Structures are given as C-alpha cells and as structure tokens.
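Enquirer: In our numbering, the protein residues as written are 1153 to 1477.
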Amino acid sequence: MISKCISLVGISCVLGLTACEGGSVGDEDGSSSGGSEESTNTSPTTTVSTTVSTTVTSADSTETDPSTDTDTDTDPTDPDSSTTEPGGCPQDVDFGEIDTSGCAPLSTDYTPGADDDYDACVSDGGDWVLVDSPPNSAARTVAYEDIIALLRNGETPSAEDFTMARTIYATKNGIESRVLRREDLHYPPVDEADQDPKVLPDRQCTIGTNADDYPDRCVGPAKIQPIVDAAFAAGETGDGDANVHAARIDAALQWFSFVSVYKESASCGFAPADCDSHWAYYNGAVPNDQSIGIAANFREIDPAIDDAIFNGMLGIRCWRGLYPA
C-alpha cells in the first residue's frame, strides 16, 4: 500500500544507523488468534475521537540475567574490528541527502481523501479512527522512548542508566514479554507437527525448541532477545563501549517494532483490536504530527517516508471499515 522506494529507504537507514555507535536516529492487545492479550501493567489515559494519547507508569518485574560466553574475553556486543574503521558503520559513510522526489504513490495506493480506487471510508479524513478500544501496545512504544531517553540522549550511558532501562524493558506485560514470543510473518510458520494445539497460534515460538528450530519465524526469542540481553549485561557491568551497547538495544527494539507492526496488521483481518495495535506500535497511538517510536525515526530521515507508511496504514483501516470482521 505504500511506495516501495520510500519504505525501503526508511527501514534500511533506521536499522543501519542505529546498529552502530553514534548519534541516535530519532504491543498488542487483541490476540491474533481470537483471545485478548493480558493488559499491560501501565496506565493508559485516553481522549478518543480519532486519536489516543497515552501516559505510562512503570511496574516492577523480575528477570533472569542472560548468560554470556565464558570461553572468550571478547565482549559479545562489541562489533568486529573490521567494521569499526572509517566506513565500517553507516554513520561513517556520507550518503548525502535522501532524495524522495521520485517517490510518488502508485495508482493503486490509498491516499486519504484522494480520487483513488477505494470507496469513501473512515480514513479519508487522514486521521486514525479506533476500530476497538485504545491499544495497550501504545505503552510499549512509550517504553521504547523512555529507554532511548536513558541510553541515547547524547551522553555516554552509565551502568545505572542501563539498569534503569532494563527495568523498563522487563516491566510486566511490557516490551520483553512480547519480544519473547514475537514472530516475523515474512517467514513460513512453525510446522504443524511442532505446534501445540493448546497454545495460541501466535505463541508457538514459546513451545519447546521452536525458537531454535525456526529462528527466522521466531525472530523475537531467537534473534532480538539475545542482542538485547547481551547489550544490557555488558552495559551494566561496564564491559566494552557503552554507546555501542546502547545503539544495539535501540536497533533491536526498532526491529521488534517493525515486525510487530507487520504482525498486527496481518491479524487485523480477524482480530479488530490488532488493527489499532499495529498503529500503536508504529507511532504510539498519537496524532501523526506527534509521532513517537519508529514513526518519529522515519520522519527524522524524511517526513515523506512517514507520510507514505502512515497512508498505507490508513488504507488498512479503510479496508477494515469497509469490510468489518
């Protein structure tokens, strides 16, 4: 629903820029299998017309310290030395200004209020209109911002900053709770023979060795969580470069947000609350000009990127309104 050149530039730049040391660039509620996820332990305060504003209070949670490789003295989150020389990280390369002038909506794209192939719908005003109730996943996007405020504020983060950020990350029903079961729907699902029929379809990555056996599909527990665990552990103990650890946490959480937006949009077809959740994972469930999370990061690169992505999301909302579940 969005122009490929805009979306691909945004995603590649955000994930690339945040993966290395340097300047900063810049879940879900109704379960995709028909059951509602437990509400997050935060306090969403909402004023709803077509938008939602959210405030959050943290809750305590316990977590297990991640294991680290004891066979080497090398910090597991330190980059390979071959990538630390000039040109090794994206911010060391002069890409110049991103030119989006050639990126225009396709004739089949949804554009709010424009003369397109869509019937008149709820999205034509250009704002998100809730399908269900205010999404709890907005609190996780706020939590991401709170973590980044501690770790990516222009100052080298301290061990205490990493500890405080980890507490936010591990909050009950917070980001970590969703990372541990997040699937990337770009990849084939877990084989039926390896699924547990007593477990919801979108939580099969929590079963047995599925995360290890299907690492691409089970991206949260198999790929994202190890990055976050290792970076937090190193940051709290003072091993390696704190700015690199902070950047890796940032990049991993943006990766989580990206796959969450995609996952929730896919389940929007049969779980109405997930429509709102995919919007909240993208920009925190706030008016588009007040976006936080990955939406704000895209907008910092070029507002046209965020506008195009948001129009695509409005297209999903338009379709949901025209064809309710």
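Cβ coordinates follow ideal geometry from the N, Cα and C atoms, glycine included.
In this text the structure is predicted, and so the values were computed from the model without any measurement.
Could you tell me the distance, in whole angstroms, from the CA atom of Val-1438 to the CA atom of Ser-1429?
Expert: 12 angstroms
Enquirer: Whole angstroms is fine: what's the gap from Gly-1390's alpha carbon to Arg-1451's?
Expert: 33 angstroms
Enquirer: For Leu-1466, is the classification buried or exposed, using 16 other Cβ atoms within 10 angstroms of its Cβ as the cut-off for buried?
Expert: buried
Enquirer: Can you tell me whether Leu-1258 is buried or exposed? The criterion is at least 16 other CB atoms within 10 Å of its CB, across all chains shown.
Expert: exposed
Enquirer: Counting only the same chain and skipping the five closest in sequence on each side, list residues whose C-beta sits under 6 angstroms from that of Glu-1328.
Expert: Tyr-1321, Ala-1322
Enquirer: Roughly how far, in whole angstroms, is the beta-carbon of Tyr-1433 from the beta-carbon of Ser-1289, given that I think they are within contact range, below 8 angstroms?
Expert: 5 angstroms
Enquirer: Check whether the stretch 1264-1271 touches the stretch 1355-1363, counting contact only when three or more Cβ pairs, one atom from each stretch, lie closer than 8 angstroms.
Expert: no
Enquirer: Can you tell me whether DSSP reads Asn-1463 as helix, strand or coil?
Expert: helix
Enquirer: Can you grab the Cα-Cα spacing for the pair Ile-1379 / Ser-1419, in whole Å?
Expert: Rounded to whole angstroms, Ile-1379 to Ser-1419 spans 27 angstroms at the Cα level.
Enquirer: Are the CB atoms of Arg-1334 and Val-1411 nearer to each other than 7 angstroms?
Expert: yes
Enquirer: Quick check: what's the CA-CA separation for Ala-1425 versus Pro-1287?
Expert: 7 angstroms
Enquirer: Does DSSP put Glu-1388 in a helix, in a strand, or in coil?
Expert: helix
Enquirer: Quick check on His-1338: buried or exposed, where buried means 16 or more other Cβ atoms within 10 Å of its Cβ?
Expert: Exposed, by the Cβ-count rule.
Enquirer: Does DSSP put Cys-1157 in a helix, in a strand, or in coil?
Expert: Reliability of the predicted coordinates at Cys-1157 is poor, the pLDDT of 39 falling under 50, and the value obtained from them is presented with this limitation in mind. In this structure, Cys-1157 counts as helix in the three-state DSSP scheme.
Enquirer: From the DSSP output, in three-state form, read off Asp-1276 for me.
Expert: helix
Enquirer: With 16 as the cutoff for other CB atoms within 10 Å, does Asp-1458 come out buried or exposed?
Expert: buried
Enquirer: Which ranges would you report for the alpha helix (DSSP H) in the stretch 1405-1452 if only whole runs of at least 4 residues count?
Expert: The qualifying runs are 1424-1435.
Enquirer: So, using beta-carbon positions, are Ile-1299 and Ala-1311 closer together than 7 angstroms?
Expert: no
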